[in-house]
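Here is the structure we will look at, set down as structure tokens.
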Amino acid sequence: MNLSGPFIKRPVATMLLSLAIMLLGGVSFGLLPVSPLPQMDFPVIVVSASLPGASPEVMASTVATPLERAFGAIAGVNTMSSNSSQGSTRVILQFDQDRDINGAAREVQAAINASRNLLPSGMKSMPTYKKINPSQAPIMVLSLTSEVLSKGQLYDLASTILSQSLSQVPGVGEVQIGGSSLPAVRIELEPQLLNQYGVSLDDVRNTIASANVRRPKGAVSDGERNWQIQANDQLEKAKDYEPLIIRYQDGAALRLSHVAKVKDSVEDRYNSGFFNNDAAVLLVVNRQAGANIIETVNAIKAQLPALQAVLPASVQLNVAMDRSPVIKATLHEAEMTLLIAVALVILVVFLFLGNFRASLIPTLAVPVSLVGTFAIMYLYGFSLNNLSLMALILATGLVVDDAIVVLENISRHIDAGVAPMKAAMLGAKEVGFTLLSMNVSLVAVFLSILFMGGIVESLFREFSITLAASIIVSLVVSLTLTPMLCARWLKPHVPGTENAMQRWSIRLNQRMVSGYARSLDWVLRHKRLTLLSLLVTIGVNVALYVVVPKTFMPQQDTGQLIGFVRGDDGLSFSVMQPKMEIFRKAVLADPAVESVAGFIGGNGGTNNAFMIVRLKPISERKVSAQKVIERLRESMPKVPGGRLMLMADQDLQFGGGRDQTSSQYSYILQSGDLGELRTWYPKVVAAFKALPELTAIDAREGRGAQQVTLVVDRDQAKRLGVDMDMVTAVLNNAYSQRQISTIYDSLNQYQVVMEVNPKYAQDPETLNQVQVITADGQRIPLSAIAHYENSLQNDRVSHEGQFASESIAFDLAPGVTLEQGTAAIERAVAKLGLPEEVIVKMAGTGDAFSATQKSQPFMILGALVAVYLVLGILYESYIHPLTILSTLPSAGVGALLSIYLTGGEFSLISLLGLFLLIGVVKKNAILMIDLALQLERHSGLDPQASIRSACLQRLRPILMTTLAAILGALPLMLSSAEGAEMRQPLGLTIIGGLIFSQILTLYTTPVVYLYLDRLRHRFNKWRGVRTDAALETPL
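Going by the numbering used here, the sequence shown opens with residue 15, and the numbers climb by one from there.
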């Protein structure tokens, strides 16, 4: 059956079909979203809980532990970790890759509800959760600054006006606010005055709670009209609270202002943000899943003038960080690379054919196939990103292959004197099965990735389907448009009428065929030597795979750094601020840095800070982001009690979010025995610091933070009628920034915060001034029933899988790969001889690397099995697929050798290149073997004569298709602009593999074919089956 026949006979229908493909693709192109990486749904949920004033250990035991037990019953939880700091707990749940995130979220909420009774009664609000996608970085950060308004007022503007308006912009998802907190009325009590007047903390709290209420009051009616009842029951500003009467004493009113300082301030004093040299409130904008980043950012920028107009004149709204310029530059570079690849492929076709009209036929297949692919991408909900565009770039060299094979075969018939129409019908029919086997087996390679699951499947799904779609479209084009154009545009060759280009092309082809024939004859006379060389390449593959440095993903240069400032355990907010200022100024002074934004304190703890460093475009700074980090590390001033960790922001992050880890790489120790954990953790940290392969190690230093432990004499307290609940309530009122009342506004809600004057919270001695009330109403100091002891505690408590844990974050030293760093860690830890109670493991990117590295050989084996099965079905043979697969070891050697010689690293991108080589290299063998089988069946040639003739006849299309694929990948390898770090490894792997395999397989394939043909005959003879070639008709 000739599938091309109807299309060759109906040129108008064929042209309209191609036009329809182009139109569908063109319309779809305009609808595709833009993003740096494919949309990946990593099922990660982060649960947050707060209890102001609670120590890390209290948060861990009373909040984190009950939640973890509830979450542990949820099906599909892969890993669970928690971090508890002063007044805050964060639990990170990572589910199995195939877990539905929405279903998991419902179960998480149900678990939170079920643990309600186990959580502290003083929690003002229940824990909340949000879904985190590590593949989605914030697309923009806005800053609010003012020389007039306070940070609390700026935060209020951000919360009530800006975040609401930004959330309504198409494509905008969550908007997070940091750098301060909402305005609040703060009651700062004077313990001495309270004691003087005999007023307890609860007296003050109850007075304020009863004076500031907001309850329904009903309405009155005379039958015709209604009157809503209102009252001045809401107190809004500090001045409204000052005259509140606590009680009457000796006939005089004792007002709040007599025992406390009341002021308008903020909910949390330990939270501060900055943008460059100014104090600022930051708005971190995330996009909705599947939204176009560039369109979303442009829409936000279009709204900025209107947002600025509604703000007070003294407030400036600035863009602190914008991901779109780098993404635009990266995608523009990818698009230019695509155009260059198309031009190079067209040039190859023209140089080989030497005929403009003939060259135009396969040239037309490129835009039709590529543009038509956009329609399939749109149907699958894909985006234009680095990986999908790389797939299209590589497809440029592949989609032209089919058209070249059809064109070359039809041209051969025309040169033999066959009329163009008949030659088109005959030539297209002859190569129909060849095209089918080439493309179906190629598609099988990439579709096999979809069954691998995990990170590889999520990351490369769009790449695989996009490339497979372009191949399918090109197959359709090669069976329809290409033979139709050949029938009408190709003319019989008349000797003596060639132009200079055609003559050069003919001479070149003749010389190549003649030289190849002589070398092939020598090879066929030395088959054992050739077979030995093939066996050697298999061993070399294994050796190279072992020695080539390996990593997870290439380090991206996104034009942005993430910085973390860690202070020693127990450092106060006021001490951390000047340390942060030193680091901020040092970073901002670097010539490659454009701006710095960040915040200190908040849920991260008073001794932690976070910053986003925006770099200048790479065309201005001339150095990579990693080089900037190395330069900053060398020039950074030494700050006692503080350290700055920097890492290049990546589009793909693992863990609970960019603000939770100071490096891509971390190492976790966990144990059910807290004593063992605390014993061995410092030893492991010391071992890490001794490793030259590691740098920028971030680990808990020192013995912990200072802690005051109040030791209550329970017997004495009982005699006086004082219980522990009263003691803890008094301390909570005094030192926890306790929120005791709510102020309701039309746009937001604000808190009334009570505490002792901060000057009385600077020394443990002030505890002696706090008083409690006995059963007979007497006021006694805490010292009457308790004494305090100084001790140490961790300023954060971590759990991993419900067990106590500690982590070590680190970076790799320059020139050290992740594989080398991981191996060095394993050796160092093995020497320590950790007890069985202490479990260690890599986390974050290191954990993902370990998982994928172990499965890489099985991934490659799976692709080979898929190709074998498809070819075996198509050829109805167990043997011929092995001949075709014998071409692959040489491709592996070329790919791995090119990485090794250039000092590169084998990453998931390189693995993707190997998959592509599996699909591309075997096409050459298919071209040879398919024709050899035809010659055996129809011409009566023996196997050696048939394979020799097939090699010579298919030499030109093999060289053309291989060179087209090489030049299609060449712009990837030579790329140096934004996004080059993702494209270069793929181009290098493909070009190295194709060049080496092209040289070797032109000779090894016919030799393997002959050996396996002999084996096939012996096997069939043993089975008693006839082995005539005529009986081996493929599907």
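Every residue gets a Cβ at the ideal spot worked out from N, C-alpha and C, and that includes glycine.
task: For Q730, collect the residues of the same chain with a Cβ closer than 6 Å to its Cβ; drop the 5 residues on either side in sequence, then sort them by chain order.
output: Residue numbering aside, residue 730 sits at position 716 when the sequence shown is read from its first letter. Answer for Q730: I799, listed in chain order.
- prompt: Using the beta-carbon count (16 or more within 10 Å), is E121 buried or exposed?
  reply: On the sequence shown, position 107 is the one that residue 121 refers to. Buried, because 16 or more other Cβ atoms sit within 10 Å of the Cβ of E121.
message: Taking the straight line between their C-alpha atoms, what separation do you get for R200 and F566?
response: Numbered from 1 along the sequence shown, position 186 holds the residue referred to as residue 200. Numbered from 1 along the sequence shown, position 552 holds the residue referred to as residue 566. In a straight line, the C-alpha of R200 is about 50 Å away from that of F566.
task: For W503, collect the residues of the same chain with a Cβ closer than 7 Å to its Cβ; drop the 5 residues on either side in sequence, then sort them by chain order.
output: Position 489 of the sequence shown holds residue 503. Within its own chain, the residues whose Cβ lies closer than 7 Å to the Cβ of W503, once the five positions on either side in sequence are excluded, are R371 and I375, listed in chain order.
- request: Could you have a look at H427 and say whether DSSP puts it in helix, strand or coil?
  value: Position 413 of the sequence shown, counting from 1, holds the residue named residue 427. Per DSSP, reduced to three states, the secondary structure at H427 is helical.
Beta-carbon proximity check, R645 vs D604, cutoff 8 Å: Translated into the one-based positions of the sequence shown, residue 645 becomes position 631. Translated into the one-based positions of the sequence shown, residue 604 becomes position 590. Taking 8 Å as the cut-off, the Cβ atoms of R645 and D604 count as close.
Separation of S102 from G982, as counted between CA atoms: The count along the sequence shown starts at 1 and reaches residue 982 at position 968. The count along the sequence shown starts at 1 and reaches residue 102 at position 88. Computed Cα separation, rounded: 53 Å.
query: Name the DSSP bridge partner or partners of Q763?
result: In the sequence shown, counting from the first residue as 1, residue 763 sits at position 749. DSSP lists Y758 as partners of Q763.
Option in V280, L208 and K231 with minimal Cα separation from Q263: For this step, residue 263 is matched to residue 249 along the sequence shown. If we check each option's Cα against that of Q263, L208 comes out closest.
query: Looking only at C-alpha atoms, which of Q763, R517 and G395 sits nearest to Q248?
result: Position 234 of the sequence shown, counted from the first residue, corresponds to residue 248. Answer by Cα proximity: Q763.
query: If you count every other CB in all the chains shown that lies within 10 Å of the CB of S32, and 16 or more means buried, which is it?
result: The sequence position of residue 32 within the sequence shown is 18, counting from 1. Burial call: buried.
query: Would R521 be called buried (16 or more neighbouring beta carbons within 10 Å of its own) or exposed?
result: Position 507 of the sequence shown holds residue 521. Residue burial annotation: R521 is exposed, with fewer than 16 other C-beta atoms found within 10 angstroms of its C-beta.
- prompt: DSSP on H952, reduced to helix/strand/coil?
  reply: Taking the sequence shown and counting its residues from 1, the one referred to as residue 952 is at position 938. In the three-state scheme derived from DSSP, where H, G and I count as helix and E and B as strand, H952 is classed as helix.
field: Y514 classed as buried or exposed, judged by whether at least 16 other C-beta atoms fall within 10 angstroms
entry: Counted from its first residue, the sequence shown places residue 514 at position 500. Going by the sequence as given, residue 514 is Ala instead of Tyr. By the 10 Å Cβ count, A514 comes out exposed.
task: Can you tell me the Cβ-Cβ gap for S488 and V413, rounded? I've got them flagged as a contact below 8 Å.
output: Here residue 488 is taken as the residue at index 474 of the sequence shown, counted from 1. Here residue 413 is taken as the residue at index 399 of the sequence shown, counted from 1. The C-beta distance from S488 to V413 rounds to 4 Å, short enough to meet the 8 Å contact threshold.
field: Inter-residue CB distance, M740 and R752 (contact presumed, cutoff 8 Å)
entry: The sequence position of residue 740 within the sequence shown is 726, counting from 1. The sequence position of residue 752 within the sequence shown is 738, counting from 1. Incorrect: roughly 15 Å between the Cβ atoms, too far for contact.
query: According to the Cβ coordinates, are V311 and D336 closer than 8 Å?
result: Residue 311 sits at position 297 when you count from the first residue of the sequence shown. Residue 336 sits at position 322 when you count from the first residue of the sequence shown. Yes, the pair counts as a contact, with Cβ atoms nearer than the cut-off.
- prompt: Taking one C-beta from the stretch 268-282 and one from the stretch 174-188 each time, how about it: are there three or more such pairs within less than 8 Å?
  reply: Judged by Cβ distances under 8 Å, the stretch 268-282 makes no contact with the stretch 174-188, as fewer than three pairs qualify.
field: Y892 burial status per 10 Å Cβ neighbour count (16 or more: buried)
entry: As a position in the sequence shown, residue 892 is number 878, starting the count at 1. With fewer than 16 Cβ atoms within 10 Å of its Cβ, Y892 is classed as exposed.
- prompt: Going by Cα to Cα distance, which pick from L875, S912 and T866 is closest to T1003?
  reply: Looking up residue 1003 in the sequence shown gives position 989. When only C-alpha atoms are compared, the closest one is S912.
- prompt: Roughly how many angstroms lie between the CA atoms of T1019 and L543, to the nearest whole one?
  reply: Here residue 1019 refers to the residue found at position 1005 when the sequence shown is read from its first residue. Here residue 543 refers to the residue found at position 529 when the sequence shown is read from its first residue. T1019 and L543: Cα-Cα distance of roughly 13 Å.
- prompt: In its own chain, which residues sit with a C-beta less than 6 Å from the C-beta of F1053, not counting the 5 before and 5 after it?
  reply: This structure cannot speak to residue 1053, because the chain is shown only from 15 to 1049.
message: Taking 6 Å as the limit between beta carbons, can you name the residues of its chain near R657, skipping five residues before and five after?
response: The sequence position of residue 657 within the sequence shown is 643, counting from 1. Correct list, in chain order: R580.
message: If I measure Cβ to Cβ from V554 and keep anything under 7 Å in the same chain, skipping five residues before and after, which residues do I get?
response: Walking along the sequence shown from the start, residue 554 turns up at place 540. The residues are V907.
- request: Find the nearest neighbour of A458 within the set P47, A124 and I479, judged by alpha-carbon distance.
  value: Within the sequence shown, numbered from 1, the residue matching residue 458 stands at position 444. Checking every option, the nearest Cα to that of A458 belongs to I479.
message: What ranges does the beta strand (DSSP E) occupy inside the stretch 111-182, keeping only unbroken runs of at least 3 residues that lie completely in it?
response: Runs of the beta strand (DSSP E) inside the stretch 111-182: 142-146 and 154-160.
field: Residue of Y749, L761 and L925 minimising C-alpha distance to A775
entry: On the sequence shown, residue 775 is found 761 positions in, with the first residue counted as 1. The alpha carbon of A775 has as its nearest neighbour, out of Y749, L761 and L925, the alpha carbon of Y749.
- prompt: Once you ignore the five residues that flank L449 on each side, which residues in its own chain have a CB closer than 8 Å to its CB?
  reply: As a first step, residue 449 must be located in the sequence shown, where it is residue number 435. Annotation for L449: D416, V419, V420, L489, S492 and L493 place their beta carbon closer than 8 Å to its own, counting only its chain and skipping 5 residues before and after.
- prompt: What's the call for P20, buried or exposed, on a 16-neighbour Cβ count within 10 Å?
  reply: In the sequence shown, residue 20 corresponds to position 6, counting from 1. Answer is exposed; the Cβ neighbour count stays below 16.
query: Cα-Cα, which of N771, L806, F817 and T79 is closest to Q206?
result: Looking up residue 206 in the sequence shown gives position 192. Taking only the C-alpha atoms, the option nearest Q206 is N771.
query: Does the beta-carbon of A266 have 16 or more other beta-carbons within 10 angstroms, so that it is buried, or is it exposed?
result: Numbered from its first residue, the sequence shown carries residue 266 at position 252. The residue is exposed, with fewer than 16 neighbouring Cβ atoms inside 10 Å.
- prompt: Taking the alpha-carbon positions, what's the H1097 to M738 distance?
  reply: Coverage of the chain is limited to positions 15 through 1049, which leaves residue 1097 absent and any answer about it impossible.
- request: Could you name the residues that DSSP lists as bridge partners for G577?
  value: Translated into positions along the sequence shown, residue 577 becomes position 563. Answer is M625 and L660, bridged to G577.
query: Curious, which full-length alpha helix (DSSP H) runs of at least 4 residues does the stretch 711-751 contain?
result: Runs of the alpha helix (DSSP H) spanning 4 or more residues and lying entirely within the stretch 711-751 occur at 728-733 and 738-749, in chain order.
field: Beta-carbon spacing of T410, V363 below 8 Å
entry: Locating residue 410 in the sequence shown gives position 396, where the first residue counts as 1. Locating residue 363 in the sequence shown gives position 349, where the first residue counts as 1. It is not a contact, given that the beta carbons lie outside the stated cut-off.
message: What does DSSP give as the partner residue(s) for L107 in the beta ladder?
response: Mapped onto the sequence shown, residue 107 falls at position 93. Residue pairing by DSSP puts L107 in a beta bridge opposite I59 and M94.
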